[in-house]
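Undergrad: Residue 6 in UniProt numbering sits at position 6 of the sequence shown; the count goes up by one each step and never skips.
We treat Cβ as the ideally placed atom computed from N, Cα and C, and that holds for glycine.
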Amino acid sequence: MKKNQLKKSSISKKYQNLVNEINNFEEIFQTFSNNELRAHNFKLKKRYQESKDLNSVIAESFAITREASLRTLGLRHFDVQLIGGLVLNDQKIAEMKTGEGKTLVATLPASLNALSEKGVHIVTVNDYLASRDQAAMGQIYKFLGLSTGLIQSTMSKIDRKKNYSSDITYVTNYQVAFDFLYDNTALNLKDVVLPPFNYCIIDEVDSVLIDEAQTPLILADNIETPVDKYIAAAELTNFLKSTIHFIVDEKNKNIILTDEGSKQVENILQVQDLYDPREPWIPYIINAIKAKTLFSNNVHYIIQNNRIVIVDEFTGRIMPDRRWSDGLHQAIEAKEQLPIRQKSETSAAITYQNFFLLYPKLSGMTGTGKTAEIEFEKIYKLSVDEIPTARPNLRKDLPDLIFKDQFSKWNAIAKTCNQISSTGQPILIGTTTVEKSEMLAELLKEYNLSYQLLNAKPENVRRESEIVAQAGKKSAITIATNMAGRGTDIILGGNIVFAVEKKLYEILTFSRNYILLKKKNIFESTLKTQLNIYSQKFLSVLFSLLQENTFLQLSDVEVLRLLRETDKMLSVNNSINCSIKFLINELTIYYKKHQQQENQVVKNLGGLYIIGTERNDSRRVDNQLRGRCGRQGDPGTSQFFLSLDDNLLRLFGGPKIQNLLQSQMTDDSPLESKLLTKSLNSAQQKVEERAYQQRKDLFDYDDILNQQRQTIYNARQSILVTPPMEIERSILGYGEQIITDSLLELKRNNFSNKQIIAVFENLFGKNLIFNSNDLNKLKRYLFLEFWRFYEAKKLELAIHGDTTGEKLGQTIILINIDRLWREHLQQMTLIREAVGWRSYGQQNPLYEYKKEAFKMFYDLAKDLRHLVIYELLRSEVL
């Protein structure tokens with residue numbers, strides 16, 4: 001980018017001096033050898049250890065990372081990418097358009113903060129992106145002498161602990177949050193995998209901190225489930241009619257049972273009261289109606305392996321480990337006549353809001369953050385800085401086209417695809433559900449158009465990266481559910497990385513199979529005929545590789561893994577690795593020439609053409625789809641096709657807009673209207689405000705629980721790290737506190753000394769003899785008896801080992817903390833539901849919740865002390 005372009009942006013002016021300083025250091029570091037660069041990075045680490053000030057080394061660190069990137073990946077950070085890195089280091093959100101290299105930008109603040117040796121977490125939205133980014137960017141860190149870790153869903157605790165101990169760890173938001181919850185239910189320190197939090201960079205930060213923050217993360221244990229009630233409720237919905245027996249609130253996804261509906265259900269079930277607390281039917285009925293009216297197959301979920309799998313409405317991906325709570329998941333299983341899985345009881349829970357606020361230093365990257373800036377600032381104290389693009393944006397955003405109904409709209413989309421594809425211009429079509437993507441695919445078949453389909457179905461997900469990467473090829477048509485967080489760039493003319501991998505896989509498996517069948521002569525002549533387009537050196541290395549017995553014994557799957565993991569150096573042996581790398585490089589050189597030609601052809605055709613099939617609830621999701629074209633100065637076009645019965649217009653557009661537009665539509669011709677655009681923007685704003693208020697309410701309520709959670713988790717951590725010999729101090733403290741508090745309470749309630757003695761006999765499990773009426777003497781007596789009983793219990797347990805009593809005490813404390821916390825979470829859920837009704841009595845529900853929460857937590861601490869002492873004094877080691 002030219003310097004005068006860079007200076008136009010206010011954010012660029014703010015960081016201009018630092019960028020100039022980095023550029024000056026770059027000129028110096030270009031003269032360094034690889035070893036000298038690495039040594040200088042170690043010097044920066046030492047300087048930080050002395051000064052504890054990262055700002056003093058920021059320019060040098062960024063310049064070294066930029067040079068390391070150029071030498072390892074051949075990628076040099078643009079000046080605007082340096083600005084992105086500086087924004088991230090300043091604990092802000094960097095909004096960078098699609099294709100501007102966010103993954104590479106993260107290496108700058110990550111390398112800088114890794115100098116502190118306190119750990120850096122780079123959070124991505126799925127395992128594939130974490131693995132891909134760690135493999136690619138890890139080369140930069142390795143060059144600088146920094147270690148990288150990768151957390152994947154299949155890893156053991158030992159592997160997780162090892163990877164989290166790295167300087168820089170790539171992990172998904174889901175994995176790191178659940179590892180935190182698991183750590184805080186561990187009964188042994190060796191089962192804790194996470195180190196103390198330091199610095200976190202979140203990729204697709206709006207997807208993680210806003211879209212996925214709608215529901216808390218829950219660690220749960222299965223409990224007994226009344227399967228028959230779910231089945232009965234599902235069958236009963238067939239006898240209920242909308243508006244007569246129940247009212248559907250689509251905006252809030254809620255169901256209201258009418259008086260007539262209650263009577264109908266009570267008659268069918270032959271029960272007196274649906275709300276009877278001893279055997280309530282109402283939650284099963286409400287969930288059954290919700291399942292039938294508000295949740296649809298191939299929209300909100302798919303059926304996979306006889307199970308309900310949720311589809312993320314924001315990313316279009318499946319979430320196999322998530323389940324709807326409060327019995328809704330079981331209600332949907334009953335509706336679909338699938339096996340009903342057990343309900344679960346919460347043992348630990350946290351919201352993404354409170355989880356990520358645990359990091360002392362937090363930042364994030366996204367292509368679409370400005371529209372949610374208010375929420376970022378209010379909840380997370382994160383401001384959003386818009387980073388200028390390296391090249392001017394040439395994308396054309398055409399006005400929305402609106403049709404009178406769904407039929408007209410989808411036919412118009414299919415006709416438009418037919419017209420555009422006839423020129424060779426690639427098309428990407430964004431749909432909102434699996435069902436609609438498959439319906440459009442059938443329409444395109446009628447025009448004999450070939451297409452690639454990407455939705456939450458497993459057979460499509462497996463090829464996600466390849467489908468997205470090749471969406472820019474000439475004549476390509478790609479239908480995809482929401483494009484948020486796909487992570488793979490759409491390169492005009494096609495992505496050669498996937499083309500090279502696919503071609504080399506075909507060559508290697510084809511060649512190996514001929515060799516194994518001992519048809520060497522036929523193989524050589526066939527191979528030379530088919531591969532004469534490649535260099536002699538390519539053929540020579542290929543023939544050499546085919547003489548390696550180790551390679552010949554690999555399965556096709558292992559060959560594919562070998563191609564994908566070459567950069568990680570995880571291959572069978574070094575000679576095979578070197579051969580594979582050479583073949584990849586040769587094919588890359590060959591394909592680059594072809595790709596450059598294709599790239600220019602597609603540019604001349606107008607670049608990627610984006611078609612949106614309806615406006616989403618959030619402007620960010622629309623902008624994410626638009627942002628898939630026009631990357632790095634490429635041309636591109638986007639246009640949305642809408643109809644009057646799209647959900648957004650139908651639910652939030654208002655009747656006046658509907659009536660006005662319908663009166664202007666006499667045929668299937670589309671309408672362009674400023675009034676419509678204004679109405680849509682207003683509708684989206686309403687939805688966003690409503691969603692924000694829901695997330696804020698969730699945050700406000702969880703913030704109260706979060707203070708208690710931190711107290712509990714800190715207490716657990718303290719017990720876990722305390723040596724067994726020092727646990728005795730905690731146990732004695734519990735006993736003395738119980739005696740002091742109980743005496744005061746019993747005396748306040750006018751208990752006699754005889755009655756008090758009886759209470760403590762029950763607690764200690766021993767007979768007590770005390771005749772005086774002096775309260776102080778009674779207190780001293782109880783202290784002495786407690787110490788004596790405890791020492792006797794220690795001696796009794798000592799035959800199993802000197803510290804058995806203390807270790808048992810530690811385990812009993814942890815188990816009871818977890819048990820009481822689990823019960824506390826259940827009670828807090830009930831209270832949250834109950835206080836909502838108090839608003840009708842002019843009471844503040846949040847204040848009432850806070851008051852109840854404080855009282856319950858005080859009781860929890862008291863119950864913990866009693867349970868620990870009661871169980872410890874009665875414990876035995878079998």
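Say whether the stretch 432 to 446 touches the stretch 471 to 484, bearing in mind that this needs 3 or more beta-carbon pairs closer than 8 Å, one atom from each stretch.
TA: Yes: the two stretches touch, three or more of their Cβ pairs being nearer than 8 Å.
Undergrad: In the DSSP assignment, what residue or residues form a beta bridge with residue 403?
TA: Your numbering for residue 403 matches position 403 in the sequence shown. Answer by DSSP bridge pairing, in chain order: 643.
Undergrad: Look up residue 866 in the DSSP assignment and say whether it is helix, strand or coil.
TA: Position 866 of the sequence shown holds residue 866. Here residue 866 sits in helix by DSSP.
Undergrad: Would you kindly report the start and end of the unbroken beta strand (DSSP E) that includes residue 385?
TA: Looking up residue 385 in the sequence shown gives position 385. Here the beta strand (DSSP E) through residue 385 covers 384 to 386.
Undergrad: By how many angstroms is the C-alpha of residue 77 removed from the C-alpha of residue 104?
TA: Counting from 1 along the sequence shown, the entry for residue 104 is found at position 104. Counting from 1 along the sequence shown, the entry for residue 77 is found at position 77. Near 8 Å, if we compare the C-alpha coordinates of residue 77 and residue 104.
Undergrad: Roughly how many whole angstroms lie between the Cα atoms of residue 304 and residue 868?
TA: The residue given as residue 304 occupies position 304 in the sequence shown. The residue given as residue 868 occupies position 868 in the sequence shown. Using only the alpha carbons, I get a separation of about 45 Å.
Undergrad: Round the Cβ separation of residue 140 and residue 69 to the nearest angstrom and send it over; I've been treating them as touching at under 8 Å.
TA: Counting from 1 along the sequence shown, the entry for residue 140 is found at position 140. Counting from 1 along the sequence shown, the entry for residue 69 is found at position 69. Between residue 69 and residue 140 the Cβ distance is about 5 Å, and since that is below 8 Å, they are a contact.
Undergrad: For residue 200, report the span of its beta strand (DSSP E) as first-last.
TA: Working through the sequence shown from its first residue, we reach residue 200 at position 200. Its beta strand (DSSP E) spans residues 199 to 203.
Undergrad: Touch check for the stretch 675 to 691 and the stretch 319 to 335: three-plus C-beta pairs under 8 Å?
TA: Touching, no, given that fewer than three Cβ pairs across the two stretches are closer than 8 Å.
Undergrad: Just mark residue 207 as buried or exposed, buried being the case when its beta carbon has 16 or more other beta carbons within 10 Å.
TA: Residue numbering aside, residue 207 sits at position 207 when the sequence shown is read from its first letter. Buried.
Undergrad: Check whether the Cβ atoms of residue 106 and residue 201 sit closer than 8 Å, and answer yes or no.
TA: On the sequence shown, position 106 is the one that residue 106 refers to. On the sequence shown, position 201 is the one that residue 201 refers to. Cβ atoms of residue 106 and residue 201: closer than 8 Å.
Undergrad: Curious, which full-length alpha helix (DSSP H) runs of at least 4 residues does the UniProt domain "Helicase ATP-binding" (83 to 219) contain?
TA: Fully enclosed alpha helix (DSSP H) runs of 4 or longer: 102 to 105, 107 to 114, 127 to 143, 157 to 164, 173 to 183 and 205 to 209.
Undergrad: Sort 48, 649 and 291 by Cα distance to residue 324 and report the nearest one.
TA: As a working mapping, residue 324 is identified with position 324 in the sequence shown. The candidate whose alpha carbon is nearest that of residue 324 is 291.
Undergrad: Within this structure, are the beta carbons of residue 624 and residue 368 separated by less than 8 Å?
TA: Position 624 of the sequence shown, counting from 1, holds the residue named residue 624. Position 368 of the sequence shown, counting from 1, holds the residue named residue 368. Yes, the pair counts as a contact, with Cβ atoms nearer than the cut-off.
Undergrad: How many angstroms separate the CA atom of residue 769 from the CA atom of residue 785?
TA: For the purposes of this step, residue 769 is taken as the residue at position 769 of the sequence shown. For the purposes of this step, residue 785 is taken as the residue at position 785 of the sequence shown. Those two C-alpha atoms are separated by around 10 Å.
Undergrad: What three-state label does DSSP hand residue 748 in the structure shown?
TA: For this step, residue 748 is matched to residue 748 along the sequence shown. The answer is helix: DSSP assigns residue 748 an H, G or I state.
Undergrad: Between the stretch 340 to 350 and the stretch 224 to 242, do at least 3 Cβ pairs fall closer than 8 Å?
TA: They touch, by the three-pair rule.
Undergrad: Quick one: what's got a C-beta closer than 6 Å to residue 199's C-beta in the same chain, skipping five residues either side?
TA: Position 199 of the sequence shown holds residue 199. These residues qualify, in order along the chain: 113, 120 and 361.
Undergrad: Quick one: Cα of residue 484 to Cα of residue 451, how far?
TA: Position 484 of the sequence shown, counting from 1, holds the residue named residue 484. Position 451 of the sequence shown, counting from 1, holds the residue named residue 451. In this predicted model, residue 484 has a pLDDT of only 49, less than 50, meaning its place in the structure is not dependable; the value taken from the coordinates is given anyway. Cα to Cα, residue 484 sits roughly 20 Å from residue 451.
Undergrad: Which partner residues does residue 222 have in the DSSP bridge list?
TA: Along the sequence shown, one-based indexing puts residue 222 at 222. For residue 222, which the question treats as bridged, DSSP gives the partners 344.
Undergrad: Counting Cβ pairs closer than 8 Å, one from the stretch 751 to 766 and one from the stretch 802 to 817, do we hit at least three?
TA: No: the two stretches stay apart, fewer than three of their Cβ pairs being nearer than 8 Å.
Undergrad: What whole-angstrom Cβ distance do residue 44 and residue 61 have, given they're in contact under 8 Å?
TA: To locate residue 44, count along the sequence shown from 1; it is residue 44. To locate residue 61, count along the sequence shown from 1; it is residue 61. Going by Cβ atoms, the distance from residue 44 to residue 61 rounds to 6 Å, so yes, they are a contact pair.
Undergrad: For residue 535 versus residue 466, is the C-beta spacing smaller than 8 Å?
TA: Residue numbering aside, residue 535 sits at position 535 when the sequence shown is read from its first letter. Residue numbering aside, residue 466 sits at position 466 when the sequence shown is read from its first letter. Contact: no.
Undergrad: Excluding sequence positions up to five away, which residues of its chain have a Cβ less than 8 Å from the Cβ of residue 58?
TA: Walking along the sequence shown from the start, residue 58 turns up at place 58. Around residue 58: 18, 86, 89 and 112.
Undergrad: Considering only the alpha carbon of each residue, which of 860, 697, 590 and 30 lies closest to residue 71?
TA: Here the question's residue 71 lines up with position 71 in the sequence shown. Selected option, being the one with the closest Cα: 30.
Undergrad: To the nearest angstrom, how far is it from the Cα of residue 796 to the Cα of residue 814?
TA: Taking the sequence shown and counting its residues from 1, one reaches residue 796 at position 796. Taking the sequence shown and counting its residues from 1, one reaches residue 814 at position 814. Going from the Cα of residue 796 to the Cα of residue 814 covers about 22 Å.
Undergrad: Helix, strand or coil for residue 337? Go by DSSP, reduced to three states.
TA: Residue numbering aside, residue 337 sits at position 337 when the sequence shown is read from its first letter. If DSSP states are grouped into helix, strand and coil, residue 337 belongs with coil.
Undergrad: Which whole-angstrom value is the C-beta distance of residue 12 and residue 93, which I expect to be below 8 Å?
TA: Translated into the one-based positions of the sequence shown, residue 12 becomes position 12. Translated into the one-based positions of the sequence shown, residue 93 becomes position 93. Wrong, their Cβ atoms sit about 17 Å apart, outside the cutoff.
Undergrad: Three or more C-beta pairs under 8 Å: does that hold for the stretch 720 to 739 against the stretch 368 to 387?
TA: Too few Cβ pairs lie closer than 8 Å, so no.
Undergrad: Whose CA, out of 511, 600 and 601, lies closest to the CA of residue 559?
TA: Translated into the one-based positions of the sequence shown, residue 559 becomes position 559. The shortest C-alpha separation from residue 559 is found at 511.
Undergrad: For residue 307, name the three-state secondary structure that DSSP assigns.
TA: Residue 307 sits at position 307 when you count from the first residue of the sequence shown. Looking at residue 307 - three-state DSSP - the assignment turns out to be strand.
Undergrad: Output needed for residue 605: all residues of its chain with C-beta closer than 7 Å, excluding positions within five of it in sequence on either side, in chain order.
TA: Numbered from 1 along the sequence shown, position 605 holds the residue referred to as residue 605. Excluding sequence neighbours, residue 605 sits near 423, 424 and 425.
Undergrad: Distance, Cα to Cα, residue 807 vs residue 218?
TA: Counting from one through the sequence shown, the residue named residue 807 turns up at place 807. Counting from one through the sequence shown, the residue named residue 218 turns up at place 218. Rounded to the nearest angstrom, the two C-alpha atoms are 29 Å apart.
Undergrad: Name the DSSP bridge partner or partners of residue 55?
TA: Counting from one through the sequence shown, the residue named residue 55 turns up at place 55. For residue 55, which the question treats as bridged, DSSP gives no partner whatsoever.
Undergrad: Just curious, the beta strand (DSSP E) that residue 246 is in, first and last residue?
TA: In the sequence shown, counting from the first residue as 1, residue 246 sits at position 246. 246 to 249 is the span of the beta strand (DSSP E), which, as asked, contains residue 246.
Undergrad: Give the range of the beta strand (DSSP E) segment to which residue 395 is assigned.
TA: Locating residue 395 in the sequence shown gives position 395, where the first residue counts as 1. Residues 394 to 397.
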